[in-house]
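Quick note: the sequence shown, position 533, residue 566 per the numbering used here, numbers continuous. Have a look at the structure below, then the notes.
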Amino acid sequence: MRKRADMLHLLRCLREIQKCEPWALPMAFVLALMEALIPLGAPVLSAIFVDGLEQGASFKELALAAVIGVVILFIMNVVRGKMFRCGLPHSEYCNDLMEWKFNDKSMDMDYARLDSAETAGLRARIQNDYDWGCGAYYMIPQFQRCCVGVIGIMASAAFLILVLFQGSFWLDWSTLLFFGYVFAVTFFSASVEKRTFQEEETLKRQFDKTSSRANYLMRGGITYREGKDIRIYNAQPLIKSALREEERDRMVEGESRLEQRAGALDGAASGILMGGAYVFVVLRSLQGALSAGAVVLFASSIYRFSESLKILAKSRSEILMNARRMESTFAYLDLPGLLEGGCLPAGMEAGKGEIEFRDVSFTYPGAGKPALSHVSFRLHPGEKTAVVGMNGSGKTTLVKLLCRLYDPSEGSILLNGTDIREYEYEEYMRLFSVVFQDFKLLAQPLGENVAAAQEYQQERVWECLKKAGFAARLERMKKGLATSLYRDLDEEGVEVSGGEAQKIALARALYKDAPIVVLDEPTAALDPISEHEIYSGFHRLIGDKTAVFISHRLSSCRFCDYILVFHEGELVQRGNHEELLKEDKGKYAVMWQAQARYYEEDGADRSAANGGA
């Protein structure tokens, strides 16, 4: 069953390679043909010369045979060299295309699936598999080596049969006994290669878990952005311990022992095989059953047959293991794509359209407790709604459900009275401009970050950055909108502060100009002056759009028409700022008083300090 699955994955790999680069496999086959036949060229020429000398051929005949043989070998070597050089870019290109398909899948997959532990584990397996050597980059050379083995076996067997038809040699019982000896030694050597490869794979699989952690730290955990914390908190020993160098050393030592054992056994088998072959052909030659040239050709063909069989055994194991490792990649590519949607258009103008949460509950996969429980409310057209609550109360989960990054576990979300699952998915997503709490900017030009596209309207980008309070910083950038953010890909890139990055993210939301704006802690990294500018210009920024505003700073709620108060996943209060303050025991009033007391005490401390001075 396992072998059948491996073969199916292998066939799919080869089909994918053929789609990506139609010439890759034919070129690999031609290269294999050259590599299998060239080693037989010298023995064939030697046999011709020896037989020619033995039979009294003229110098002219021998010279002509030599020239023809050398020219043929020269042409074959030139073709092999050219095919080899041409094959490398094909392998790299195929591998790149597979990686692009993988990345495209990640971008097209629905967020809930991408965010799941199962998908994260699958991605880690894929990374480990590629680190150990899988993919088109390895598949094409492995396919080529398999072809080398098959062609080598066929060519060697052809020469052996040619020799065997000389005289009575074919009918001699000792010949059959000798070939039994050859097959026994060769299969022993091939089985050693196969077993060694399988044991090495077992070692690598045992190291996979440690390797996943090490790969994360080496690729994503040790960058210049994390460098400050690593140094301040002296986290180097923690990271180094995670790399588990002693485990890696054990694996390398284990592989070394296996290779040494395989090398010793293979060397012994080759010595026994060739020793027996030479004894056999010399005896048969002395009996007159073989010419001197046939002795040379027979011994060389026996050696090439044995080597080709070992090449085939090892390359077969390698290519099937590669196909097995590609199973994780294919499983990832076969995951369902975007959330299923209906066919209704979701077009909506600013200030129009009502959204309703109707008895909505949601539990994250693997979580024992709901993140939201039986939540019901309405977002009226053009209304500015604040969502407040303690950490972990379900505010960000609410945003994810609203934007349909997740679907509710229970209940439904309605747009103009229709379940949002009935709308075409991508059209529904176009209704939202969102600044997430953990937003990301790319190491790309500033203008492309704001527009989320390579082609954009420069004047609109400038205007959005100005509204977001980024104008002064933009004027100091020599390349303007063409300035790259960060130095990951551009040495002249600029580093932006957390507050500046937040302004860029806000400008991106404004540029999209969607009818519904969602701001999740949009001023968390801003200085007080910038924060005041955003709040005071909130209605100017949003206009007549429907807005959802999440913040821990309750002073911002005064700019909103309506406030939803969450606690432990439940909607516990609703109303405007004045109404909620009247409920002395309510969560909103308690949080407001706590923040007000902090500012009053802070102000008193500052006054005392100034007075004391």
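Beta carbons: idealized from backbone N, C-alpha and C, even for Gly.
- For the pair of segments examined, the stretch 127-137 was found not to touch the stretch 80-97: the number of CB pairs separated by less than 8 Å stays below three.
- Residue 406 holds the alpha-carbon nearest to the alpha-carbon of residue 396 among 406, 438, 515 and 520.
- Straight through space, the alpha carbons of residue 325 and residue 83 are spaced by roughly 6 Å.
- In the pairwise beta carbon analysis, the stretch 177-196 is classified as not touching the stretch 298-311: fewer than three pairs are separated by under 8 Å.
- Residue burial is scored here from C-beta neighbours: residue 572 has fewer than 16 other C-beta atoms within 10 angstroms and is therefore classed as exposed.
- Secondary structure at residue 76: helix, using DSSP grouped into helix, strand and coil.
- One alpha carbon belongs to residue 520, the other to residue 477, and they sit about 9 Å apart.
- Rounded to the nearest angstrom, the Cβ distance from residue 362 to residue 595 is 48 Å, too far for a contact under 8 Å.
- Taken through DSSP and simplified to helix, strand or coil, residue 312 comes out as helix.
- Cβ neighbours of residue 422 within its own chain (closer than 8 Å, five residues either side excluded): 428, 598, 599, 600 and 620.
- Assigned with DSSP and collapsed to three states, residue 489 falls in coil, not helix or strand.
- Between residue 353 and residue 184, the C-beta gap is not smaller than 8 Å, which leaves the two residues out of contact.
- Considering only 448, 540, 436 and 479, the residue with the shortest C-alpha distance to residue 145 is 436.
- With contact defined as three or more Cβ pairs closer than 8 Å, the stretch 398-413 and the stretch 585-593 are not in contact.
- Residue 235 counts as exposed, since fewer than 16 other beta carbons sit within 10 angstroms of its beta carbon.
- The alpha helix (DSSP H) runs of length 4 or more contained entirely in the stretch 409-497 are, from start to end of the chain, 428-435, 458-462 and 479-484.
- Of the other Cβ atoms in all chains shown, fewer than 16 fall within 10 Å of the Cβ of residue 524; this residue is therefore exposed.
- Residue range 504-508 is occupied by the alpha helix (DSSP H) that includes residue 506, with no beta strand (DSSP E) assigned at that position.
- Here the alpha carbon of residue 335 sits roughly 8 Å from the alpha carbon of residue 215.
- One thing to note: residue 420 has its Cβ within 8 Å of the Cβ of residue 583.
- Annotation: residue 585 is outside any alpha helix (DSSP H) and is labelled neither H nor E by DSSP.
- Linking residue 542 to residue 50 through their CA atoms gives a straight-line distance of about 40 Å.
- Residue environment for residue 546: exposed (fewer than 16 other C-beta atoms within 10 angstroms of its C-beta).
- Here DSSP, grouped into helix, strand and coil, assigns residue 393 to strand.
- By the neighbour-count criterion, in which a residue is buried when 16 or more other Cβ atoms sit within 10 angstroms of its Cβ, residue 355 is buried.
- Pairing residue 514 with residue 507, the inter-Cα distance amounts to about 8 Å.
- Here residue 94 has 85 as same chain residues with Cβ atoms under 8 Å from its own Cβ, once five neighbours each way along the sequence are excluded.
- Secondary-structure assignment with DSSP links residue 608 through a beta bridge to 596.
- Nearest to residue 63 by alpha-carbon distance, out of 576, 132 and 180, is 180.
- When rounded, the separation of the alpha-carbon atoms in residue 317 and residue 286 is 46 Å.
- In this structure, the beta-carbon distance from residue 71 to residue 47 does not fall below 8 Å.
- For the pair of segments examined, the stretch 610-627 was found not to touch the stretch 437-455: the number of CB pairs separated by less than 8 Å stays below three.
- Assignment of residue 552 by DSSP, reduced to helix, strand and coil, places it in the strand class.
- Counting every other CB atom within 10 Å of its CB across the protein chains shown gives residue 116 a total of 16 or more, marking it as buried.
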